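Residue numbers (my numbering): 42 to 222.
Cβ coordinates follow ideal geometry from the N, Cα and C atoms, glycine included.
Predicted model, so just to flag it, every value in this text is computed and none were measured.
Accompanying notes for the structure given below.
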């Protein structure tokens, strides 16, 4: 049951990232005057379909991608794609480049915003040296565990020499049979 929850949460997370990506294409296409026909999250047979302002919005069974179908990507009513003024090929090359790059740029901006928020809310200030002298994980079947080392223990000295910075870990292990206390 737990693995099903993991699969569903991964599918929802992937679907959200796909939505963000396709939304970038969609918004820029609308801004440059392209007519949108379909906004789809996923591929295959639609699960849910609705119309909004003459556009078809849909969620499909296979959540491994998505697309924004703009007018003029195929011939319509005997017109060539380049003859459809509000279509993809009827716009300038710069407009088409903007639409093509919008998805990846929005993904990057979203990632930077999320990581920025995570960084700001990351708790207390951290320093590298503070984390290098603290034991993070000890395999329960290892010799260290049998010797009494546990996650969260702090290394304070090597062979009786006080710990001063992260380089002590390297030098002690390389230059002696350092006994860690």
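Open item on the list: Quick check: the Cα distance between residue 151 and residue 46, rounded to an integer number of angstroms?
Closed with: What you label residue 151 is simply residue 110 of the chain shown in a count that begins at 1. What you label residue 46 is simply residue 5 of the chain shown in a count that begins at 1. If you take the alpha carbons of residue 151 and residue 46, they lie about 25 Å apart.
Task: Proximal residues to residue 144 (C-beta, below 6 Å), its chain only, five neighbours per side dropped - done: Here residue 144 is taken as the residue at index 103 of the chain shown, counted from 1. Within the same chain, residue 144 has close Cβ partners 62, 65, 66.
Open item on the list: Short of 6 Å in beta carbon distance, which residues of its chain neighbour residue 113, apart from the five on each side in sequence? Order them along the chain.
Closed with: Translated into the one-based positions of the chain shown, residue 113 becomes position 72. Around residue 113, the same chain offers 122, 125, 128, 129, 130, 131 as residues with beta carbons nearer than 6 Å, after the five sequence neighbours per side are excluded.
TODO: Kindly indicate which residue of 190, 174, 175 has the alpha-carbon position closest to the one of residue 181.
DONE: Residue numbering aside, residue 181 sits at position 140 when the chain shown is read from its first letter. The candidate whose alpha carbon is nearest that of residue 181 is 190.
Task: Between the CA atoms of residue 115 and residue 140 - distance to the nearest angstrom - done: For the purposes of this step, residue 140 is taken as residue 99 along the chain shown, with counting starting at 1. For the purposes of this step, residue 115 is taken as residue 74 along the chain shown, with counting starting at 1. Using only the alpha carbons, I get a separation of about 17 Å.
- [ ] Assign residue 270 to one of three DSSP states: helix, strand, or coil.
- [x] The structure shown does not extend to residue 270, since the chain spans only 42 to 222, so no value can be given for it.
Task: Cβ pair residue 56, residue 82 closer than 7 Å - done: Numbered from 1 along the chain shown, position 15 holds the residue referred to as residue 56. Numbered from 1 along the chain shown, position 41 holds the residue referred to as residue 82. In this structure, residue 82 lies closer than 7 Å to residue 56 by Cβ.
Task: Closest Cα partner of residue 88 within the set 79, 80, 97, 101 - done: To locate residue 88, count along the chain shown from 1; it is residue 47. For the residues 79, 80, 97, 101, the minimum Cα distance to residue 88 belongs to 101.
TODO: Go through its chain and collect everything with a Cβ distance to residue 76's Cβ below 6 Å, but skip five positions before and after it.
DONE: Position 35 of the chain shown, counting from 1, holds the residue named residue 76. Excluding residues within five positions, the ones whose Cβ falls inside 6 Å are 112, 127.
Open item on the list: So, with DSSP's three-state summary, where would you put residue 85?
Closed with: The residue you call residue 85 lines up with position 44 of the chain shown. Three-state DSSP puts residue 85 in a strand.
Task: Rounded straight-line distance, which links the Cα of residue 204 to that of residue 178 - done: To locate residue 178, count along the chain shown from 1; it is residue 137. To locate residue 204, count along the chain shown from 1; it is residue 163. Cα to Cα, the separation comes out at about 19 Å.
Open item on the list: Tell me which residue opens and which closes the alpha helix (DSSP H) that residue 63 is part of.
Closed with: Here the question's residue 63 lines up with position 22 in the chain shown. First-last of the alpha helix (DSSP H) with residue 63: 43-72.
TODO: Label residue 187 either buried or exposed according to how many other C-beta atoms from any shown protein chain fall within 10 Å of its C-beta, with 16 as the threshold for buried.
DONE: As a working mapping, residue 187 is identified with position 146 in the chain shown. Residue 187 is exposed by the Cβ-count criterion.
Task: Status (buried if at least 16 other CB within 10 Å, exposed otherwise) for residue 134 - done: Indexing the chain shown from 1 puts residue 134 at position 93. Residue 134 comes out exposed.
- [ ] Return the residue from the list 105, 84, 86, 78 that minimises the CA-CA distance to residue 92.
- [x] If you number the chain shown from 1, residue 92 lands on position 51. When only C-alpha atoms are compared, the closest one is 78.
Task: According to DSSP, residues forming a beta bridge with residue 96 - done: The residue you call residue 96 lines up with position 55 of the chain shown. Answer is 93.
Task: Proximity below 7 Å, CB of residue 84 to CB of residue 103 - done: Along the chain shown, one-based indexing puts residue 84 at 43. Along the chain shown, one-based indexing puts residue 103 at 62. Closer than 7 Å, so yes.
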